[in-house]
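Per our numbering: the sequence shown = residues 12 to 157.
C-beta: ideal position from N, C-alpha, C; glycine also.
Structure first, commentary second.
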Amino acid sequence: LNKRKKTRKLRGHVSHGHGRIGKHRKHPGGRGNAGGQHHHRINWDKYHPGYFGKVGMRHFHLTKQKYWSPIINLDKVWSLVSDQTRETYKDQKGMAPVIDCVRAGYYKVLGKGNLPKQPVIVKAKFFSSEAQRKIRAVGGACVLVA
């Protein structure tokens with residue numbers, strides 16, 4: 012490997028590898044992202060489409076707490092209570108355990124997975140329609156909590 016810098020080889024060559032005609036000037040195309048809508052337009056349109064302009068509506072003073080809604084799927088709902096609870100209610104007719112998702116930190120119940128064929132009362136702020144259908148199918152109930 013050549014440990015020396017290219018500069019050493021170029022000593023004595025007048026334009027130092029940058030050509031006599033074009034010349035090595037400071038910032039011939041402008042600094043940084045200059046000319047994105049002018050002389051560098053082709054590059055920006057080709058490789059960065061959609062970089063310029065606006066999209067959507069403005070939302071002044073956007074705070075995220077309004078949209079904060081942790082989710083849990085039906086296949087994980089039973090993990091919020093102990094197996095002992097589930098066994099206790101398994102053979103009792105007309106009784107069902109209450110699973111409070113909000114207390115466990117989940118606001119919305121979604122319908123992925125299957126529930127065991129055992130009635131259960133699920134409390135949450137939001138339910139997807141699929142989750143509601145599956146909970147009712149096993150004889151359970153969906154309770155909305157503020």
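The beta-carbon distance between K145 and Y118, rounded to whole angstroms, is 18 Å. This is too long to meet the 8 Å contact definition.
Three or more Cβ pairs drawn from the region 124-133 and the region 92-110 lie within less than 8 Å of each other, which places the two stretches in contact.
Secondary structure note for N54: it is in no beta strand (DSSP E), and the uninterrupted alpha helix (DSSP H) holding it is R52 to Y58. Within the same chain, no Cβ atom closer than 8 Å to the Cβ of H24 is found once the five residues on either side in sequence are excluded.
The continuous alpha helix (DSSP H) containing L21 extends over residues K17 to L21.
Straight across, the Cα-Cα distance linking K34 with K57 is about 28 Å. Looking at the backbone, the Cα of P60 and that of T74 are separated by about 29 Å. Residue pairing by DSSP puts C153 in a beta bridge opposite V133. DSSP lists N84 as the bridge partner or partners of L121.
In this structure, K128 and N84 do not form a Cβ contact; the two beta carbons are roughly 18 Å apart against a cut-off of 8 Å.
S140 is positioned such that its CB atom lies no closer than 8 Å to that of L121. For D102, there is no enclosing beta strand (DSSP E), since its DSSP letter is neither H nor E.
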